[in-house]
Amino acid sequence: MAEHKILATTGNSVVAEAMRQCKPNVMAAYPITPQTTIVEEFAGFVAKGKTDCEYVTVESEHSAMSACIGASAAGARVMTATSSQGLALMWEELHIAAGMRLPIVMANANRALSAPINIHCDHSDIMGARDTGWVTYFAETAQEAYDNTIMAVRVAEHPDVMLPVMSTLDGFITTHSIDRVDVMDDTSVGGFVGDYEPKNPLLDTDTPTLHGSFSGLGGPFFEFKRQQREAMENARAVIKQVGDEYAELSGRPFDVIQTWGMEDAETAIVVLGSTAGNARHVARDLRAKGQKVGVVKVRVWRPFPYAELAAALKGLKAVAVLDRAESFGAEGGPLFLEVRGALYDLEQRVPVVGYIYGLGGADVKLELMERVYRDLSDIAAGGAAPGSLVYLGAREEA
Amino acid sequence: MPQLTEIRWHARAGQGAVTAAKVVAETALAADQYMQAMPEYGPERMGAPIKAFTRISSDPIEIHCNIENPDIIIVLDDSLLDVVDIAEGIHDGGVIIINTCTPADQVKTRLGVSESVRVASVDASGIALDTIKRDIPNTPMVGALIKLTSVIDMDVFKGLLAKNLSKKFGQEMIDANWASVDRAFTEVTVA
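If you're matching them up, the sequences are chains E and F in order.
Each residue of the first sequence is one higher than the last, beginning at 0 in numbering that gives the first Met the number 0.
Each residue of the second sequence is one higher than the last, beginning at 0 in numbering that gives the first Met the number 0.
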C-alpha cells in the first residue's frame, strides 16, 4: 500500500495532481469551463518548478491536440485536458491520435454542447468522441477521477494497447465540488506508472521512422484499422490487470463495471458518472424497504464491457438505462443502445427501458431515481413499459 | 442511520460564502467526517446574490444533486431578504442564521417560517469590523453556526482557521479571527 493523505479538494484539483504525479514531458492545453482549473493548476506546478513538464500554450483546442500528437510522436509522455466545445474542436485530431497509436492521456470535464449555450454537465461532448478510437473512463467521484487518470497512463502506454485514453469527470458536479479524496504519495504513483519508453520516436534520428503518412487505395489503411480494433480489444485485459495492480497499491478495488445489490436484484439502473451515486443512495432506501433493486455503474465506456454487463443483468425482470446524452433519431441514448446490444445474446429476454436525463446540467433529483425504480417495479410486475423514450424530469411547459 | 446535515449559504459574491462553505467542509474532514462543498455556478460578478452548499455526514456521501431542503441556512447579507426567498425549503426544526442588526424575533416574523424553525440573528459584519477590521462576515458566522448546531467542532475549526491564515498572516490576524468567532458565538440570539 502507498503512503497517502486525505484531502478536502475538487475533482479538477486532484486530476491536476494526478497528472503532476505521472510526470508528463509535455502538456499542450487550452482552457475551457469547467476544465479550466485542471490546466490552471497544472500551469501553476510548472511555474513553481514542481514538474519539469514542457507546458505549451496554444490558441485553440485544435492546436492543443495537434501539439500533443506531435510531442507524443516525438517520444514524449503527453497529457492534456478539455471539455465540450473544446473536445468538439479536437474531433479530427482525436482520430489522428488514435490512428497514429499515440498514448496521450486527456481529462475531459463532461459538459453539454451548444446550442443553446450551456456550460453545465452532460455527456454530449464525450459521446461525440465515442468512435474516435480512444479508451474512455468515466468517474463518479473526484476519487475515481484521480484513480482513473493514473491508471490511464499505464493502459495507454501498454505495448499491447498503445492508444490514447480519456479520463472523464462530470462538469461542475465532480470537477468543482469539494469532496473527500485520498491522494497517494509521489513516489508510489511514479513507481506505478514507471517511465515511458517510446517504441519508434521521431526524435530517434538514427532510426528514422514515418508516422501518420498517406495510405491510399491498395495501401495498408484497412489493416491499420483492424490493428486499432485489436488494440482496443487488448485493452480489455490490460485495463483489468492495471486495475488489479492499482487496487493493491491504493486499497480501492477496480473493475470495468461496479455493481451494487446485483447478487439478488430483480430490477436495476445502469448509469455512467456521478449519477450512479444518486441511484445507489435511492437503491439503499428501497432495499431497506425490502425491494430487490440494484445499480450497475459503467466505469469504462470504451472498450464497452458487454460480457460483464450481460453477466450482471442476466435474469433481471426489468432494467433502466440512464443516458445523459442524446442520439437523436436512435431508439435511445448511446448507453441504452450498448446495453441492449450486450443483452441480445442472452437466452432469456431482459426488458430494457431508456431514459434521457440531466441534459445541460438539469438537476438529478432523488425523486427522479425513485420514479425510475417505480417504473421498473411496474414492468417487473407485468405492467407495460413507459413506451417511448422518457425525458426524465423535463418540464412540460418549458 | 447515517447523520447527514445539509447547509445552504446565501451571500453576495465577494463576501466569502464559498470560502466559508469550504472551511466548514474542511473542519468536518479534520474530524474524520465525510463532506461536500459546492458553489452554485452561474455568471459571477461582485455583489450578485449567490448560493453555496455544504453537506456533512458520518458516512460517505453518494448524492450529487442540489440541496433543496436544507437543515441549516446561513445568510451573510440581510439585504438579500428583499430579493431572495432565503427560507425556501427549510426543514421543520431547521436553523436559519442571519448576519443582521435586526432582532431575531422580528426576522422570524418577517420570514414567516413555522414555529419549529429556529431563526438566529448576529451582527457578524459589526463583529468583523471590530475584530478583523474588515467587513468579512463569513468567519464570525461560523462561530454562530457552532453555537446553534453541533455540526462542527469549535476547537477543530479554530485550529484549521489558524492553519489557513498562517500561510499569509501573523498571530495578530489569527487572534482577531478567533475573537470574531468567539464574539459571534456569545452574541448570537435565537427566536
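Beta carbons: idealized from backbone N, C-alpha and C, even for Gly.
Check whether residue i and residue j have beta carbons under 9 Å apart
i, j, result
"residue 75 of chain E", "residue 107 of chain E", "no"
"residue 22 of chain E", "residue 192 of chain E", "yes"
"residue 355 of chain E", "residue 390 of chain E", "yes"
"residue 207 of chain F", "residue 75 of chain F", "Coverage of chain F is limited to positions 0 through 190, which leaves residue 207 of chain F absent and any answer about it impossible."
"residue 33 of chain F", "residue 6 of chain F", "no"
"residue 284 of chain E", "residue 234 of chain E", "no"
"residue 375 of chain E", "residue 310 of chain E", "no"
"residue 195 of chain E", "residue 244 of chain E", "no"
"residue 188 of chain E", "residue 165 of chain E", "no"
"residue 322 of chain E", "residue 332 of chain E", "yes"
"residue 95 of chain E", "residue 68 of chain E", "yes"
"residue 123 of chain E", "residue 324 of chain E", "yes"
"residue 237 of chain E", "residue 154 of chain E", "yes"
"residue 161 of chain F", "residue 173 of chain F", "yes"
"residue 89 of chain F", "residue 116 of chain F", "yes"
"residue 308 of chain E", "residue 271 of chain E", "no"
"residue 119 of chain E", "residue 170 of chain E", "yes"
Nearest-angstrom Cα separation, counted from residue j out to residue i
i, j, result
"residue 163 of chain F", "residue 327 of chain E", "50 Å"
"residue 142 of chain E", "residue 101 of chain F", "44 Å"
"residue 224 of chain E", "residue 99 of chain E", "10 Å"
"residue 211 of chain E", "residue 131 of chain E", "15 Å"
"residue 378 of chain E", "residue 351 of chain E", "10 Å"
"residue 84 of chain F", "residue 63 of chain E", "45 Å"
"residue 141 of chain F", "residue 9 of chain E", "22 Å"
"residue 78 of chain E", "residue 380 of chain E", "50 Å"
"residue 85 of chain E", "residue 134 of chain F", "40 Å"
"residue 370 of chain E", "residue 176 of chain E", "26 Å"
"residue 48 of chain F", "residue 178 of chain F", "28 Å"
"residue 175 of chain F", "residue 159 of chain F", "15 Å"
"residue 70 of chain E", "residue 217 of chain E", "30 Å"
"residue 180 of chain E", "residue 382 of chain E", "43 Å"
"residue 226 of chain E", "residue 300 of chain E", "20 Å"
"residue 12 of chain E", "residue 202 of chain E", "33 Å"
"residue 162 of chain E", "residue 298 of chain E", "18 Å"
"residue 228 of chain E", "residue 242 of chain E", "21 Å"
"residue 362 of chain E", "residue 64 of chain F", "6 Å"
"residue 337 of chain E", "residue 314 of chain E", "18 Å"
"residue 126 of chain F", "residue 120 of chain F", "13 Å"
"residue 149 of chain F", "residue 96 of chain F", "14 Å"
Under 7 Å from the C-beta of residue i: neighbouring residues of chain E
i, result
"residue 100 of chain F", "Those do not exist, as residue 100 of chain F stays about 32 Å from chain E at its closest Cβ, beyond 7 Å."
"residue 25 of chain F", "7"
"residue 164 of chain F", "Those within 7 Å of residue 164 of chain F in chain E number zero; the least Cβ separation is about 17 Å."
"residue 144 of chain F", "The contacting residues do not exist; residue 144 of chain F stays about 17 Å from chain E at best."
Chain-ordered chain F contacts of residue i [CB-CB under 9 Å]
i, result
"residue 175 of chain E", "37, 38, 40"
"residue 273 of chain E", "63"
Chain-order list of residues whose beta-carbon lies under 7 Å from that of residue i (same chain, five-residue window excluded)
i, result
"residue 17 of chain E", "145, 148, 149"
"residue 279 of chain E", "259, 294"
"residue 0 of chain F", "Low confidence applies here, because residue 0 of chain F scores a pLDDT of 49, under 50, leaving its location unreliable and the question unanswered by this model."
"residue 88 of chain E", "59, 60, 61"
"residue 18 of chain F", "137"
"residue 249 of chain E", "1, 146, 183"
"residue 286 of chain E", "260, 292"
Cβ neighbours of residue i in the same chain (closer than 6 Å, five flanking residues each side left out)
i, result
"residue 36 of chain F", "20, 21, 24, 53"
"residue 197 of chain E", "74"
"residue 302 of chain E", "231, 234, 235"
"residue 55 of chain E", "27, 66"
Interface partners of residue i on chain F, CB under 8 Å
i, result
"residue 365 of chain E", "62, 64"
"residue 279 of chain E", "61"
"residue 398 of chain E", "An answer regarding residue 398 of chain E cannot be provided, because it is not within the stretch 0 to 397 covered by chain E."
Per-residue contacts from residue i into chain E (C-beta, under 8 Å)
i, result
"residue 167 of chain F", "Within 8 Å Cβ-Cβ: nothing; residue 167 of chain F doesn't reach chain E, min ~17 Å."
"residue 21 of chain F", "7, 177"
Beta-carbon neighbours of residue i, restricted to chain F and to distances below 7 Å
i, result
"residue 178 of chain E", "35"
"residue 172 of chain E", "63"
"residue 276 of chain E", "61, 62, 63"
"residue 82 of chain E", "Per Cβ cutoff of 7 Å: no residues; residue 82 of chain E is ~13 Å from chain F at best."
Neighbourhood of residue i by C-beta distance below 8 Å, restricted to the same chain and skipping five residues each side
i, result
"residue 220 of chain E", "214"
"residue 13 of chain F", "45, 46"
"residue 365 of chain E", "277, 280, 281"
Neighbour list for residue i in chain E, Cβ cutoff strictly below 9 Å
i, result
"residue 147 of chain F", "What residue 147 of chain F touches in chain E: nothing, since even the nearest Cβ is about 23 Å away."
Check: residue i C-beta below 8 Å from any heavy atom of the ligand FMN
i, result
"residue 325 of chain E", "Here there are no bound small molecules, and the ligand FMN is not part of this structure."
Problem - 3 or more residues per run - each beta strand (DSSP E) lying fully within the region 58-96 of chain E - result: 77-81
Problem - In chain order, each beta strand (DSSP E) run of at least 3 residues that lies wholly inside the region 158-205 of chain E - result: 164-169, 177-183
Practice task
For the region 116-174 of chain F, list the beta strand (DSSP E) runs that are entirely contained and at least 3 residues long, ordered along the chain.
Solution key: 117-121
Practice task
Output the residue ranges of the alpha helix (DSSP H) runs that lie fully inside the region 239-301 of chain E and measure 4 residues or longer, sorted by chain position.
Solution key: 274-287
Exercise for the section: Starting from the N-terminal side, write out each stretch of the alpha helix (DSSP H) that is 4 residues or longer and does not extend beyond the region 336-379 of chain E. Expected result: Complete alpha helix (DSSP H) runs here, min 4: 365-379.
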